[in-house]
Amino acid sequence: MKLEGNEKKEYLDFVRKNSPRTKHLNTLIKAFVLGGIICCIGQGISDLIRHFFPVYDEKTVSGYTLTIIIIITGILTGFGIYDKIGNWGGAGSIVPITGFANSIVSPAIERKTEGVVLGVCDNMFTIAGPVIVIGISASIVVGLIYWLIGVL
Amino acid sequence: MMKNRTIFFQKPVCIAETATIAGPKEGEGPLRNYFHNILSNDILGQKSFERAEIKMHIYVIKNLLNRMRLTEDDIDCVFCGDLLDEIIGCNYTMREFDIPFMGLYNACATFGEALIIGSTMINAGYMKKVICSTTSHFSTAERQYRYPLELGSQRTPLSQWTVTGAGCSLLTADDTSRIKIVAGTLGRVVDYGVADANDMGAAMAPAAMDTIVAHFKDTGRNPDYYDLIVTGDLGHSGSRILQKLVKDKGYDLGDNYTDCGILIYNREGQDVMQGGSGACCCNLVFNSYIYSQLKRGKLKKVLFIPTGALVSKVSSLQGETIPAIAHAVDIEVL
Numbered sequence: 004m005k006l007e008g009n010e011k012k013e014y015l016d017f018v019r020k021n022s023p024r025t026k027h028l029n030t031l032i033k034a035f036v037l038g039g040i041i042c043c044i045g046q047g048i049s050d051l052i053r054h055f056f057p058v059y060d061e062k063t064v065s066g067y068t069l070t071i072i073i074i075i076t077g078i079l080t081g082f083g084i085y086d087k088i089g090n091w092g093g094a095g096s097i098v099p100i101t102g103f104a105n106s107i108v109s110p111a112i113e114r115k116t117e118g119v120v121l122g123v124c125d126n127m128f129t130i131a132g133p134v135i136v137i138g139i140s141a142s143i144v145v146g147l148i149y150w151l152i153g154v155l
Numbered sequence: 418m419m420k421n422r423t424i425f426f427q428k429p430v431c432i433a434e435t436a437t438i439a440g441p442k443e444g445e446g447p448l449r450n451y452f453h454n455i456l457s458n459d460i461l462g463q464k465s466f467e468r469a470e471i472k473m474h475i476y477v478i479k480n481l482l483n484r485m486r487l488t489e490d491d492i493d494c495v496f497c498g499d500l501l502d503e504i505i506g507c508n509y510t511m512r513e514f515d516i517p518f519m520g521l522y523n524a525c526a527t528f529g530e531a532l533i534i535g536s537t538m539i540n541a542g543y544m545k546k547v548i549c550s551t552t553s554h555f556s557t558a559e560r561q562y563r564y565p566l567e568l569g570s571q572r573t574p575l576s577q578w579t580v581t582g583a584g585c586s587l588l589t590a591d592d593t594s595r596i597k598i599v600a601g602t603l604g605r606v607v608d609y610g611v612a613d614a615n616d617m618g619a620a621m622a623p624a625a626m627d628t629i630v631a632h633f634k635d636t637g638r639n640p641d642y643y644d645l646i647v648t649g650d651l652g653h654s655g656s657r658i659l660q661k662l663v664k665d666k667g668y669d670l671g672d673n674y675t676d677c678g679i680l681i682y683n684r685e686g687q688d689v690m691q692g693g694s695g696a697c698c699c700n701l702v703f704n705s706y707i708y709s710q711l712k713r714g715k716l717k718k719v720l721f722i723p724t725g726a727l728v729s730k731v732s733s734l735q736g737e738t739i740p741a742i743a744h745a746v747d748i749e750v751l
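In order, the protein sequences belong to chains A and B.
To get our numbering, take the position in the first sequence, counting from 1, and add 3.
To get our numbering, take the position in the second sequence, counting from 1, and add 417.
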C-alpha cells in the first residue's frame, strides 16, 4: 500500500508518544542490586580460596574465582534458572562475567538439536562473538592511544 | 462475487467443526475451559521443539477427522501455515497424511488467509471439505525471531508472548452447522515505518485499520452490525492504537471490539506484557472460545481479523521496517 504525505511520520510520532515505556528507575535499581549481589558472591568465593589456599598469589586466585563463577552460571543456565534471574535484573546479570558465560551456554543448548559441529560449535558465539570482536578491537585502539601518549 | 477488496460468498461456507490443542501457559489462561485439549508440557517427549509443534499439528488434524468420523480421503485439501522457515512444521505434518496440501504464509494472519482461500475453493465448487489450520510454538518462534530461550535477556514492555498451540477448522460445502463464512476482505501489505521488532502491535495496527475500513466501505455496514469485532494479535497497546486509527477514519469500533492476544492470557498473573501473538493466537481463540459462543448462539455476527507482521530477522538486521497484513472474515450464524 502506498502512503501519501507525512502520514507515516505522524503515525510514528503518535506511537512514540502513546507506547508504554520501560520504567528506567525501577530497572536501574534492580540491575544495581543484582550486579552487586553477583559481585559479592564473586568476592566471597575469592576470599574463601585465599583463606584455604594462602599459597596462591592474587592472579591465580582471580583466575580460579572467574572459572568457578562461569561454571556456576553454566549450570544455572542449563537448568533454566539464569534466564529468570536475567529477566528480573537486566543489565545487572549481563555486565559481570556471568552474562558472558550465559550468552555462550544458552545458544549452545538451543542448537544441540542440529548436531555438535554445525549446531553447537557453530552457534556458540552468535551472541558473545560480536562482544569479543568489538572488545579486542577497542582494546587495540585504546592501547594505541596509550602508547602514543607515552611516546609524546 | 468480489466488490473492491471483499469477496461475498454466493453460498456461505459452513464451518462444520473445530479442534484445538493449547500449550501449558495458554491452558492456565482465561480460556482454559474452551480448549479441546491442553498440554501439560510443551516438548511432548520429542527431541526438539519443532518436532513438538509438528506433533501438535498432526494431533489436531487427526482429532478433527476422528470426531467428525471422516477419513483422509474425504478431505479435498489442507490449507495451513506456521511461523518456521519454509513452513517446515506444515511440510512435515502433511508428510503424515494422504491429503493434498497447500502451504500458506502470512505470518500471524495465515489463519485468515486459509479461511478465505478454503471458502473460495468450496464456493467455487471445486472442493467439498477442506481443513484450515495453523500452529505456533513459543520456543520455536523465540529461536526463529529473537534470542535463545536460556539467554538472560529482559523482555521489553512492548513485547508479546508467542502462543503455543495448534488449531484447525473444517470447512464444508454442506450445511453441517449453522456457522457460516459469509464474506472475506483481503488485506494489503501496509508499512507505516515501525522498525522495532518488539513493537508488533504498532506495526500491525495500520494494516488492521486498512482492512477494517475497506470492509465497512465495501459492505456498507457499520461496526454495530457485528456482535464482536476481534483482531488477531495486536495486544493491549496495538488495540488502543487501532481504535484510534479507525476512529480517525470515521468509524467507532465501540465496546464490541477486542483482540485475541488480550483474550488468551491473564495479563496481571502471566507476565505476558502486551498479550499473546503468533500464528496460533487468533486460531486458538477462534476455534475454541468464539466458535463455541457462535454455536451456543451467544454471538451471531463476528468480524474476525487475523493480523500478521511480515517480519524476518534478516530484513530487520538490514534496517528494513516491518510490513504487516490483515485479512477480515465475516462469520455469521445463519
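All C-beta atoms, glycine included, are put in the ideal place defined by N, C-alpha and C.
Being a predicted model, the structure only gives us computed values, none of them experimental.
**OP:** Could you tell me the boundaries of the beta strand (DSSP E) in which Lys-634/B lies?
**Re:** Per DSSP, Lys-634/B belongs to no beta strand (DSSP E); it is in the alpha helix (DSSP H), 617 to 636.
Subject >> C-alpha distance - Val-733/B paired with Pro-110/A, whole-angstrom precision >> reply: Just to set this straight, residue 733/B is Ser in the shown sequence, not Val. Taking the straight line from one Cα to the other gives about 20 angstroms.
**OP:** Under 9 angstroms between beta-carbons, which chain A residues line up against Arg-605/B? List them in chain order, please.
**Re:** Met-4
**OP:** Using a Cβ cut-off of 8 angstroms (strictly closer), state whether Glu-7/A contacts chain B.
**Re:** no
Subject >> Cα-Cα separation, Ala-583/B to Lys-545/B >> reply: 23 angstroms
Original post:
Since Asn-105/A meets chain B, which of its residues come closer than 9 angstroms, beta carbon to beta carbon?
Top reply: Glu-567, Leu-568 and Gly-569
Original post:
When you compare each of Gly-118/A, Ser-65/A, Pro-57/A and Phe-103/A to Ser-49/A by their alpha carbons, which one comes out closest?
Top reply: Ser-65/A
Original post:
In whole angstroms, what separates the C-alpha of Ala-602/B from that of Ala-745/B?
Top reply: What sits at residue 602/B in the sequence shown is Thr, not Ala. Each residue's Cα considered, the two are about 5 angstroms apart.
Original post:
Considering Ala-698/B, what are the terminal residues of the alpha helix (DSSP H) in which it resides?
Top reply: Here residue 698/B turns out to be Cys, not Ala, going by the sequence shown. 698 to 702 is the span of the alpha helix (DSSP H), which, as asked, contains Cys-698/B.
Subject >> Where Cys-124/A falls, given that 16 or more other Cβ within 10 Å makes a residue buried >> reply: exposed
Subject >> Start and end residues, alpha helix (DSSP H) containing Ala-141/A >> reply: 131 to 154
Original post:
Going by the CB atoms, is the gap between Ala-436/B and Thr-551/B shorter than 8 angstroms?
Top reply: no
Original post:
Counting Cβ pairs closer than 8 angstroms, one from the segment 97 to 116 of chain A and one from the segment 68 to 81 of chain A, do we hit at least three?
Top reply: yes
Original post:
Are the CB atoms of Gly-95/A and Leu-37/A nearer to each other than 8 angstroms?
Top reply: yes
Original post:
Looking at the structure shown, is Lys-366/B part of a helix, part of a strand, or coil, going by DSSP?
Top reply: Residue 366/B lies beyond the stretch modelled for chain B, which goes from 418 to 751, so this question has no answer here.
**OP:** Check whether the segment 662 to 670 of chain B touches the segment 683 to 694 of chain B, taking contact to mean three or more Cβ pairs, one atom from each stretch, closer than 8 angstroms.
**Re:** no
Original post:
Is DSSP giving Ile-475/B helix, strand or coil here?
Top reply: helix
Original post:
In angstroms, rounded to a whole number, what distance separates the CA positions of Val-630/B and Thr-510/B?
Top reply: 36 angstroms
Subject >> Sequence-distant residues of the same chain with beta carbon closer than 7 angstroms to Leu-751/B, five excluded per side >> reply: Pro-429, Arg-595 and Lys-597
**OP:** Out of Thr-738/B, Phe-452/B and Arg-486/B, state which residue places its alpha-carbon closest to the alpha-carbon of Thr-593/B.
**Re:** Arg-486/B
Subject >> Three-state secondary structure assigned by DSSP to Thr-674/B >> reply: Position check: residue 674/B holds Tyr in this sequence, whereas Thr was assumed. Three-state DSSP puts Tyr-674/B in a strand.
**OP:** In the DSSP assignment, find the beta strand (DSSP E) that holds Met-758/B and state where it starts and stops.
**Re:** Outside the shown range of chain B, which is 418 to 751, sits residue 758/B, and nothing can be said about it.
Original post:
Just curious, the alpha helix (DSSP H) that Pro-110/A is in, first and last residue?
Top reply: 100 to 113
Subject >> Own chain partners of Asp-616/B with C-beta closer than 7 angstroms, once the 5 adjacent residues on each side are dropped >> reply: Leu-575
Original post:
At a CB-CB cut-off below 8 angstroms, which residues of chain A make contact with Ala-619/B?
Top reply: Val-18 and Ser-22
Original post:
In angstroms, rounded to a whole number, what distance separates the CA positions of Pro-133/A and Ile-100/A?
Top reply: 15 angstroms
**OP:** Take the Cβ of Ala-726/B as the centre, count every other Cβ of all protein chains shown within 10 Å, and call the residue buried at 16 or more, exposed below.
**Re:** buried
**OP:** Use the C-beta contact count for Ala-590/B: other C-beta atoms within 10 angstroms, 16 or more gives buried, fewer gives exposed.
**Re:** buried
Original post:
Thinking C-beta only, is Ile-742/B closer than 8 angstroms to Val-647/B?
Top reply: no
Subject >> Same chain only: Cβ atoms within 6 angstroms of Ala-104/A, ignoring 5 sequence neighbours per side >> reply: Ile-73, Thr-76 and Gly-77
Original post:
How many Å lie between Phe-633/B and Met-473/B at the Cα?
Top reply: 36 angstroms
Original post:
Nearest to Asp-16/A by alpha carbon, out of Glu-489/B, Leu-587/B, Gly-610/B and Pro-640/B?
Top reply: Gly-610/B
Subject >> Members of the segment 572 to 597 of chain B near chain A, C-beta cut-off 7 angstroms >> reply: Arg-572, Thr-573, Pro-574 and Leu-575
Original post:
Quick one: what's got a C-beta closer than 6 angstroms to Cys-549/B's C-beta in the same chain, skipping five residues either side?
Top reply: Phe-496, Ala-531, Leu-532, Gly-535 and Ser-586
**OP:** Below 6 angstroms CB to CB, which residues in the same chain sit around Gly-446/B once its five sequence neighbours on both sides are set aside?
**Re:** Ile-681, Tyr-682 and Asn-683
**OP:** Would you please state the rounded distance, in angstroms, between the beta carbons of Ile-424/B and Ala-600/B? I believe it to be under 8 angstroms.
**Re:** 6 angstroms
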